[in-house]
């Protein structure tokens with residue numbers, strides 16, 4: 001943080017250097033970048049905006065054989081484990097992420113964690129994974145979230161991949 005946007009409309013934008021799927025672009029064609037809270041990564045629905053079904057924001061990177069940890073530092077979230085669909089941080093083999101409905105069963109998923117407000121604010125989600133050969137992996141957030149009030153959000157401060165000790 002701060003994240004950069006390649007385009008903006010008011011408060012909302014599209015994140016630079018990330019792939020953002022159409023279901024996330026619910027704010028006048030924008031979504032994922034939020035100028036509130038210091039230009040943060042945020043997929044937000046509700047409060048007058050529609051629901052998001054199977055929205056994804058992700059990046060792909062080449063990794064060598066090793067054990068890794070993906071750390072995702074959030075500012076805050078109001079996602080609940082009771083929400084239908086759910087929102088997840090995911091590491092997957094290849095150049096895309098699975099659908100929300102498949103995240104728990106997909107063979108391509110190396111690690112996943114469901115986003116849960118009960119874990120508190122300023123929380124770091126740590127996803128541990130191992131790759132046995134050089135490959136492209138994709139990291140990101142996938143979500144199906146309602147469009148009611150209160151809406152759903154997850155303000156992300158940073159993403160960091162480190163070699164595990």
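In this note's numbering, the protein residues as written are 1 to 165.
All residues carry an ideal CB built from backbone N, CA and C; glycine is no exception.
Which value, in whole angstroms, describes the spacing of the CA atoms of residue i and residue j?
{"i": "residue 69", "j": "residue 6", "result": "28 Å"}
{"i": "residue 139", "j": "residue 58", "result": "5 Å"}
{"i": "residue 78", "j": "residue 127", "result": "20 Å"}
{"i": "residue 116", "j": "residue 136", "result": "28 Å"}
{"i": "residue 1", "j": "residue 25", "result": "20 Å"}
{"i": "residue 64", "j": "residue 134", "result": "4 Å"}
{"i": "residue 51", "j": "residue 11", "result": "18 Å"}
{"i": "residue 104", "j": "residue 84", "result": "14 Å"}
{"i": "residue 108", "j": "residue 35", "result": "33 Å"}
{"i": "residue 145", "j": "residue 15", "result": "19 Å"}
{"i": "residue 165", "j": "residue 20", "result": "32 Å"}
{"i": "residue 22", "j": "residue 90", "result": "18 Å"}
{"i": "residue 160", "j": "residue 74", "result": "12 Å"}
Less than 9 Å between the C-beta atoms of residue i and residue j, yes or no?
{"i": "residue 94", "j": "residue 60", "result": "yes"}
{"i": "residue 33", "j": "residue 48", "result": "no"}
{"i": "residue 76", "j": "residue 155", "result": "yes"}
{"i": "residue 56", "j": "residue 143", "result": "yes"}
{"i": "residue 158", "j": "residue 71", "result": "yes"}
{"i": "residue 46", "j": "residue 152", "result": "yes"}
{"i": "residue 163", "j": "residue 66", "result": "yes"}
{"i": "residue 42", "j": "residue 101", "result": "no"}
Give the range of the alpha helix (DSSP H) segment to which residue i is assigned.
{"i": "residue 33", "result": "Residue 33 -> not in any alpha helix (DSSP H); beta strand (DSSP E) instead, spanning 32-34."}
Mind checking residue i: buried by the 16 CB within 10 Å criterion, or exposed?
{"i": "residue 97", "result": "buried"}
{"i": "residue 44", "result": "buried"}
{"i": "residue 81", "result": "exposed"}
{"i": "residue 124", "result": "exposed"}
{"i": "residue 120", "result": "exposed"}
{"i": "residue 150", "result": "exposed"}
{"i": "residue 118", "result": "exposed"}
State the start and end residues of the unbroken beta strand (DSSP E) segment that holds residue i.
{"i": "residue 132", "result": "Neither: residue 132 is in no beta strand (DSSP E) and is coded neither H nor E."}
{"i": "residue 41", "result": "40-42"}
{"i": "residue 52", "result": "52-63"}
{"i": "residue 13", "result": "12-15"}
{"i": "residue 77", "result": "66-77"}
{"i": "residue 6", "result": "5-9"}
{"i": "residue 162", "result": "154-163"}
Examine chain C for any beta-carbon lying closer than 9 Å to the beta-carbon of residue i, and answer yes or no.
{"i": "residue 88", "result": "This model lacks chain C altogether; it includes just one protein chain."}
To test your reading of the DSSP string, which unbroken beta strand (DSSP E) runs of 3 or more residues are found completely within the region 79-125? Runs of the beta strand (DSSP E) inside the region 79-125: 86-93, 109-114.
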